[in-house]
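Following: one structure in structure tokens, then a few remarks.
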Amino acid sequence: MKITNWSHYKSYISLFIILIIGLGCVIKPDKKVNTTLKDAFEGKFYIGAALSGRHISGRDKPGMEVLKNHFNSIVAENVMKSGMIQAREGEFNFDMADKFIEIGKKNNLHIVGHTLIWHSQAPKWFFTDDEGNDVSPEVLAKRMETHIHTVVGRYKGQVKGWDVVNEAILDDGSWRKSKFYEILGEDFMKLAFQYAHEADPDAELYYNDFSMAQPGKREGVVKMVKNLQDQGVKIDGIGMQGHIGLEYPTIEEFEKSILAFSDLGVTVMITELDLSVLPSPRRDMGADVATNVEYQQSLNPYTEGLPEDVQKKFDERYLSFFKLFLDHQDKISRVTLWGINDGDSWKNGWPVRGRTDYPLLFNRDNTPKSVVNEIIQLAAQY
């Protein structure tokens, strides 16, 4: 091509350069797009999952890949409970608990210990003598001390926080009449936290319970924690078990509890999160594992998958709760799902055995549900 007009040529070159620079300003690389839950909540709060024996023993490798991709905190579903670790007095079995800890360390995960004192899965010997009678307060306190010092001491510096006591307050705010309470009274709570602090002064110490959006339980837990604080007992956080349904609890009552617990000067954690889509035999069912209801087909309506309208309610409900958590991210340190995929969930067998529930964020084949991406997009707005 023969150039006949250099001024026109220079003009074209200048226009071309301006256009390129302009496009460079407009077409900038987007900031990192989060594709995993742990990336989406980075800097906001930990996102965790409970591990079952199948995960810890290595029998569920696909589930563990989901864990590594999407979660940065772990808690043991069962293997660190007293009945599992010390089924007989003085005979400690740390095999599975050690494996759980190794998973956390190997993958640089935030590790939570669950649970030191819980009435439901405590071995019977804890409370009785050789003749089957209740032991004295002194004997029970000593057994608590030995158990807590041994377990917490073994994992000192490795477990970041402990659910020291689990489910000691009833929905009306009164104390659960467990063997711990019957023998030691309210002091069992103080002693448990004291022993845990002695064993690992740097570990965070938590109280954990279900139905925490209930006004009565909220008030009872606030009263209990204030009493501990007045006695100078170290308590760092309150775990609000998130066993929720499509209709209960209300977001408003759940939020009231987040605020009430945070006002105590402790961190709030959403623990054991799952969303049941199945009809509940009773509205006030709570999450007491001792509850059992006879199987009825009407209570197990979705054996072949969820209808579209139910799936929509499920997605909207999860999004509403995660929006609540994000709104209060300054008060919440962790959100933990109670399992990895739907097949892991205890809700398939509670309170009615043999049901098919869909309460978690990943399907039984470990594929993410559509709401996972919606949650990630929601977090990007904060």
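Residue 1 is where the sequence shown starts when you use the UniProt record's numbering, and the numbers rise one by one after that. Cβ atoms here follow ideal geometry from the backbone N, Cα and C, with glycine treated the same way. On a predicted model such as this, the values are computed, not experimentally measured, just so you know.
Which residue from the options puts its Cα closest to that of residue i?
i: Trp-162; options: Lys-190, Asp-342, Ile-56 and Asp-200; result: Asp-200
i: Asp-56; options: Thr-35, Lys-234, Val-79 and Gly-48; result: Contrary to the premise, residue 56 reads as Ile rather than Asp in this sequence. It is Val-79.
i: Lys-223; options: Glu-186, Ile-376 and Thr-250; result: Glu-186
i: Gly-343; options: Ile-332, Val-372, Gly-305 and Phe-322; result: Gly-305
i: Ser-52; options: Asn-373, Met-96 and Ser-370; result: Met-96
i: Gln-296; options: Pro-307, Ser-280 and Glu-308; result: Ser-280
i: residue 399; options: Val-310, Asp-263, Arg-364 and Ala-203; result: Outside the modelled stretch of the chain, which goes from 1 to 382, sits residue 399, for which no answer is possible.
i: Ser-211; options: Leu-184, Glu-253 and Glu-198; result: Glu-253
i: Ala-196; options: Met-269, Tyr-155, Val-225 and Pro-249; result: Tyr-155
i: Gly-245; options: Gln-231, Met-84 and Leu-278; result: Leu-278
i: Ile-376; options: Gly-349, Ile-332, Lys-323 and Leu-191; result: Lys-323
i: Val-335; options: Val-352, Leu-299 and Met-240; result: Met-240
i: Ser-345; options: Ala-50, Leu-37 and Val-139; result: Ala-50
i: Lys-68; options: Asp-230, Thr-128 and Leu-37; result: Leu-37
i: Leu-361; options: Val-66, Phe-193, Val-33 and Asp-60; result: Val-66
i: Ile-47; options: Phe-94, His-70, Glu-294 and Ile-101; result: His-70
i: Lys-81; options: Phe-100, Gly-63 and Asn-72; result: Phe-100
i: Phe-180; options: Gly-157, Phe-325, Trp-118 and Gly-173; result: Trp-118
i: Pro-351; options: Leu-259, Glu-294, Tyr-302 and Glu-316; result: Glu-294
i: Phe-314; options: Leu-299, Gly-339, Thr-303 and Ser-276; result: Ser-276
i: Ser-178; options: Pro-123, Ala-76 and Glu-91; result: Pro-123
i: Gly-157; options: Ile-85, Pro-301, Glu-198 and Ala-141; result: Glu-198
i: Thr-150; options: Glu-89, Asn-208 and Asp-60; result: Glu-89
i: Ile-103; options: Lys-160, Met-64 and Arg-176; result: Met-64
Distance check for residue j and residue i, CA to CA, integer angstroms please.
i: Lys-256; j: Ile-238; result: 14 Å
i: Gln-329; j: Leu-378; result: 13 Å
i: Phe-45; j: Asp-327; result: 12 Å
i: residue 387; j: Leu-273; result: Here the chain has residues from 1 to 382 only, and residue 387 is not among them.
i: Gln-214; j: Asp-171; result: 6 Å
i: Asp-39; j: Glu-182; result: 46 Å
i: Ala-228; j: Asp-236; result: Rather than Ala, the amino acid found at residue 228 in this sequence is Leu. Near 11 Å, if we compare the C-alpha coordinates of Asp-236 and Leu-228.
i: Glu-308; j: Lys-369; result: 13 Å
i: Val-372; j: Lys-234; result: 36 Å
i: Arg-143; j: Ile-74; result: 27 Å
i: Tyr-206; j: Met-269; result: 9 Å
i: Asp-230; j: Gly-58; result: 45 Å
i: Lys-331; j: Leu-259; result: 8 Å
i: Glu-374; j: Ile-85; result: 40 Å
i: Ile-169; j: Met-189; result: 11 Å
i: Asn-93; j: Asp-129; result: 22 Å
i: Gly-242; j: Asn-72; result: 18 Å
Let me know the secondary structure DSSP gives residue i once reduced to three states.
i: Pro-215; result: helix
i: His-147; result: helix
i: Ala-380; result: helix
i: Arg-334; result: strand
i: Ala-40; result: helix
i: Tyr-206; result: strand
i: Trp-350; result: coil
i: Phe-362; result: strand
i: residue 388; result: Not covered by the structure: residue 388. The range shown for the chain is 1 to 382.
i: Asn-166; result: strand
i: Gln-158; result: coil
i: Tyr-181; result: helix
i: Leu-319; result: helix
i: Lys-369; result: coil
i: His-119; result: coil
i: Gly-48; result: strand
i: Met-96; result: helix
i: Glu-89; result: coil
i: Ile-340; result: coil
i: Val-233; result: coil
i: Gly-153; result: helix
i: Val-26; result: A caution first: Val-26 carries a pLDDT of 43, below 50, which makes its placement in the model unreliable, though a value can still be read off. Correct three-state label for Val-26: helix.
i: Glu-65; result: helix
On the CB-based measure, 16 or more other CB atoms within 10 Å of its CB, does residue i come out buried or exposed?
i: Thr-267; result: buried
i: Lys-28; result: Its pLDDT being 42, under 50, Lys-28 is placed unreliably by the model, and nothing is read from it.
i: Pro-359; result: buried
i: Asn-166; result: buried
i: Gln-121; result: exposed
i: Thr-271; result: buried
i: Ala-380; result: exposed
i: Leu-109; result: buried
i: Ala-87; result: exposed
i: Arg-364; result: exposed
i: Asp-357; result: buried
i: Gly-115; result: It should be noted that the sequence gives Thr, not Gly, for residue 115. Buried is the call here.
i: Gly-132; result: exposed
i: Arg-218; result: buried
i: Ser-333; result: buried
i: residue 393; result: Because the chain spans 1 through 382 in this model, residue 393 falls outside it and cannot be assessed.
i: Arg-355; result: buried
Under 7 Å from any heavy atom of the ligand ATP, does the C-beta of residue i make it?
i: Asp-315; result: The ligand ATP is absent from the structure shown, which contains no ligands of any kind.
Taking 8 Å as the CB-CB limit, is residue i close to chain C?
i: Thr-35; result: Reference to chain C is not applicable here, since this structure consists of a single protein chain.
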